[in-house]
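First to last, the sequence lines map onto chains Y and W. Each residue of the first sequence is one higher than the one before, starting from 17 at the first, in the numbering used here. Each residue of the second sequence is one higher than the one before, starting from 37 at the first, in the numbering used here. Even for Gly, the Cβ is constructed at its ideal location relative to N, Cα and C. Remember, it's a predicted structure, so these values are computed and weren't measured experimentally. Here the structure is laid out as C-alpha cells; the discussion comes afterwards.
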Amino acid sequence: MSIAPKPTSALLIVGHGSTENPDSSTPYFEHADEIRRRGLFAEVHCCFWKEEPSMREAMYLIDSDEVYVVPDFISEGYFTQDVIPRELQLTGPTTEVKGKTYHYCLPVGVHRSMTGLILKRAKEVAPGVDPADTTLIITGHGTGLNQNSTKAIRDQVDLIAASGAGYAAVLDAYMEEQPFIAEWDKMSQTPNVVVVPFFISDGLHSYQDIPVMLGIESEVGAAASQREIFRHNPHSLREKMLYYSSAIGTERLLADVILDQVADFDKIHQ
Amino acid sequence: MTATATQLGNLIKSGVHRMGEIEIKIDDSNNRFILHHFEDPLILNDPTFGGLVVHEGPENARDISTYAEDGTYRFTKGQVNLKRGWVMLLRSAEELRLALDQFYPACVGLFLAQQGGTLEVEMLRDKLNRQTGMYRFARSISDAGAQKLVQEVCGPAHQCAKKILWKLDAQTPLEDSEASRFNGIPGNVPESKAIPLLCREACNHFVAECRKAAKAEFEAKNVQ
Numbered sequence: 017m018s019i020a021p022k023p024t025s026a027l028l029i030v031g032h033g034s035t036e037n038p039d040s041s042t043p044y045f046e047h048a049d050e051i052r053r054r055g056l057f058a059e060v061h062c063c064f065w066k067e068e069p070s071m072r073e074a075m076y077l078i079d080s081d082e083v084y085v086v087p088d089f090i091s092e093g094y095f096t097q098d099v100i101p102r103e104l105q106l107t108g109p110t111t112e113v114k115g116k117t118y119h120y121c122l123p124v125g126v127h128r129s130m131t132g133l134i135l136k137r138a139k140e141v142a143p144g145v146d147p148a149d150t151t152l153i154i155t156g157h158g159t160g161l162n163q164n165s166t167k168a169i170r171d172q173v174d175l176i177a178a179s180g181a182g183y184a185a186v187l188d189a190y191m192e193e194q195p196f197i198a199e200w201d202k203m204s205q206t207p208n209v210v211v212v213p214f215f216i217s218d219g220l221h222s223y224q225d226i227p228v229m230l231g232i233e234s235e236v237g238a239a240a241s242q243r244e245i246f247r248h249n250p251h252s253l254r255e256k257m258l259y260y261s262s263a264i265g266t267e268r269l270l271a272d273v274i275l276d277q278v279a280d281f282d283k284i285h286q
Numbered sequence: 037m038t039a040t041a042t043q044l045g046n047l048i049k050s051g052v053h054r055m056g057e058i059e060i061k062i063d064d065s066n067n068r069f070i071l072h073h074f075e076d077p078l079i080l081n082d083p084t085f086g087g088l089v090v091h092e093g094p095e096n097a098r099d100i101s102t103y104a105e106d107g108t109y110r111f112t113k114g115q116v117n118l119k120r121g122w123v124m125l126l127r128s129a130e131e132l133r134l135a136l137d138q139f140y141p142a143c144v145g146l147f148l149a150q151q152g153g154t155l156e157v158e159m160l161r162d163k164l165n166r167q168t169g170m171y172r173f174a175r176s177i178s179d180a181g182a183q184k185l186v187q188e189v190c191g192p193a194h195q196c197a198k199k200i201l202w203k204l205d206a207q208t209p210l211e212d213s214e215a216s217r218f219n220g221i222p223g224n225v226p227e228s229k230a231i232p233l234l235c236r237e238a239c240n241h242f243v244a245e246c247r248k249a250a251k252a253e254f255e256a257k258n259v260q
C-alpha cells in the first residue's frame, strides 16, 4: 500500500529498547532513517520504554501538531495496550494531548504483510532446503501478563499453514510459556527445522537467550554487534539440521509495514 | 524547517557552542555547522581537520555515540565517555538538530521547553511507581536508599553529565551533593554558551539500580 506524503505530520516510532543491549534499538533507528529518507513526514522520531529518549520525552522532540504513533512491536499486548497509551496519555485511536493530535496505529507485527516477510526470511536462511522436509517454527516471548501477546504468532502460523508454502508443519513456540522453544526438536517430526524469531531486534532475547534454549550456545553470549563472526547455519543438533534466522524486525522492508499501518489507520478512521 | 531546528540554529548563531562533550562551530565560509569532541583540536584548513574521521551528514551520530572508546555500551547518552577522533559536517540547522538528537536524545527539545517554561519534570516516585515486570520492585526503595543512590550513580564523578531536575517527590528534594549540584555542562564553559543536558526523569539505569538497592534493603530486613 502506498502512502500519501504528510508534510505537516510527525511519525513517532515506539520501541522497547534496552539498557544492556545496544542492538535492541538498532532496527527502530534504521526504520526511522529509511522513512526519513523518503521525505514523507515533516519529522520522524523514535522513543522507547527502556532507552533514551523515553516515551514521556517524545513530546519534546516533536514540533508538528499531528503525530502518527506506530508501535514497532511484534504483537498487540501489554506494551501496546497498557504501557504506551499510559505513557503517551492516549485514550483512543485519536487523542488530543497538550494541543497536539495523536493517532495511535496498530503495531507492525499484526499487519497482514508480515506473513510474506516471515516466508522470505525462512527461505533466505535455509536456501535450497525442501519445505516438505522442514518444520517452520515461529518463536516469540510469551508472557502471563497479557493473553494477546502470542496471538500475532498464532495468527501467522495459521496464515502460513494455509498459504501453500509447503512446509511439513508450521508451529509456534515461546520462551516463557508452552509450547517451549527449548523443546523444538521434540515438536518437530522432520529432519530440517527453521526457526524464525518473531522479535523486532537481534537483542537480548533473540540473539542471546533463545540460542541457549535451542542448544546453539552453551551460555548467553555477547551482543550481536560485539561479535566478530555472525552465527553460521545450519546447526547440526539433536539429530536434526537447525536453521536459525535473524529477528523478523531486522528486515529492511519493515519500514514499509510501519507506513502500511499509518495508511491503514487513515483508511479506517478518517 | 521545524521550529526546534530554527530555534537551535539561532542559539548557535548567538554564540552557544557546547552541548555535552560536543563543540559546535559555524563554518560561515562553507555555510555549514561542524561538530566534534571538545577535547579534539580542530584544524579548519585541513581536509581531515587535523587527522579526524570526517562524517558528512547526521546519519552516523548514533554509531559514534553507542560505544565508548573501551567498547562499553553507553546505556545513557549523558555519559562523559563520548568517543573522540571524529568530525561531523552538517548542512543545515535541521541536520544539526537530527545529529544532536542522536548524540543527546531529546535534550535540545528539553532545554527549549525549559526556556519556554513548559518543561514538566517527573519525580522519582512517579517514575518508579510506573515500572512493570521485574522492575516493579524498585518502588519499594527507601528515601534514604534513593538519596544514597543519587550520590553513588549520578553526576560527573560517575560519568553522567546531566543536570538533575527531579526530586524524590514534590516535597522531598535531593540532598546536597556534587551530583545534585551539577549544572549539566561538562568542561569549562560559561552557562550562557552551552545547552545543558537536562535530566527530567530518572534514567532506566538509575531505575535498575533502585531495584537492586530495594532488594538489598528487603533482604537486610529479613535477616534481622
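key: Cα-Cα separation between valine 113 of chain Y and asparagine 81 of chain W, rounded to whole angstroms   = 49 Å
query = Can you give the Cα-Cα distance for glutamate 36 of chain Y and asparagine 66 of chain W, rounded to whole angstroms?
reply = 40 Å
request  = Determine, using beta-carbon pairs with one atom in the region 109 to 128 of chain Y and one in the region 141 to 150 of chain Y, whether at least three such pairs fall under 8 Å.
outcome  = no
ask   = Buried or exposed: where does glutamate 244 of chain Y fall if 16 or more other Cβ atoms within 10 Å of its Cβ makes it buried?
value = With a pLDDT of only 42 at glutamate 244 of chain Y, under 50, the local geometry of the prediction cannot be trusted, and no value is derived from it.
task = Return the CA-CA distance between phenylalanine 242 of chain W and cysteine 235 of chain W, expressed in angstroms with no decimal places.
result = 12 Å
key: Which listed residue (Y/Ile100, Y/Ser40 and Y/Leu27) has its alpha carbon closest to that of aspartate 81 of chain Y   = Y/Leu27
message = Quick test of the definition: if touching needs 3 or more C-beta pairs under 8 Å, does the region 221 to 233 of chain W touch the region 43 to 61 of chain W?
response = yes
query = Quick one: what does DSSP say tyrosine 183 of chain Y is sitting in, helix, strand or coil?
reply = coil
ask   = Taking the C-alpha atoms as reference points, what is the distance between aspartate 171 of chain Y and methionine 130 of chain Y?
value = 10 Å
key: C-beta neighbour in chain W for alanine 58 of chain Y, strict 9 Å   = yes
request  = Less than 8 Å between the CB atoms is what I'm expecting for histidine 91 of chain W and methionine 124 of chain W, so what's the real figure, rounded?
outcome  = 5 Å
ask   = For the region 240 to 258 of chain W, which residues have a beta carbon sitting closer than 8 Å to at least one beta carbon of chain Y?
value = Asn240, His241 and Ala244
ask   = Which stretch, first to last residue, makes up the beta strand (DSSP E) that contains alanine 26 of chain Y?
value = 22 to 31
task = Confirm, please, whether the CB-CB distance from proline 213 of chain Y to isoleucine 264 of chain Y is below 9 Å.
result = yes
inquiry  = Using 8 Å as the cut-off, can you tell me whether the region 255 to 275 of chain Y makes contact with the region 44 to 52 of chain Y, which would need three or more C-beta pairs spanning the two stretches below that distance?
reply    = yes
message = Using a 10 Å radius around the Cβ and a threshold of 16 neighbouring Cβ atoms, would you call aspartate 63 of chain W buried or exposed?
response = exposed
ask   = Which residues share a DSSP beta bridge with glutamate 73 of chain Y?
value = For glutamate 73 of chain Y, which the question treats as bridged, DSSP gives no partner whatsoever.
key: Within 9 Å, strictly: CB atoms of alanine 142 of chain W and proline 101 of chain Y   = no
request  = Could you pull out every residue in the same chain whose Cβ sits closer than 8 Å to the Cβ of glutamate 73 of chain Y, ignoring the five residues on either side in sequence?
outcome  = Cys63
ask   = Would you say phenylalanine 89 of chain Y reaches chain W, if we count a Cβ-Cβ gap shorter than 9 Å as a contact?
value = no
request  = Would you kindly report the start and end of the unbroken beta strand (DSSP E) that includes histidine 61 of chain Y?
outcome  = 57 to 64
task = Under 7 Å between beta-carbons, which chain W residues line up against threonine 35 of chain Y? List them in chain order, please.
result = Phe111, Asn240, His241 and Ala244
key: Under the three-state DSSP convention, the category methionine 257 of chain Y falls into   = strand
message = Please tell me whether alanine 74 of chain Y has its Cβ less than 9 Å away from any Cβ of chain W.
response = yes
ask   = Tell me the DSSP bridge mates of lysine 61 of chain W?
value = W/Ile70
key: Opposing strand residues paired with glycine 156 of chain Y [DSSP bridges]   = Y/Tyr190
request  = Would you tell me roughly how many angstroms separate the C-alpha atoms of leucine 122 of chain Y and lysine 22 of chain Y, rounded to the nearest one?
outcome  = 18 Å
query = In the DSSP assignment, what residue or residues form a beta bridge with phenylalanine 196 of chain Y?
reply = Y/Tyr190
message = Along the region 142 to 156 of chain W, where does the CB come closer than 7 Å to a CB of chain Y? Name the residues.
response = Ala142, Gly145, Leu146 and Ala149
query = Hey, serine 41 of chain Y and glutamate 67 of chain Y are a contact pair by Cβ (cut 8 Å); roughly how many whole angstroms apart?
reply = 5 Å
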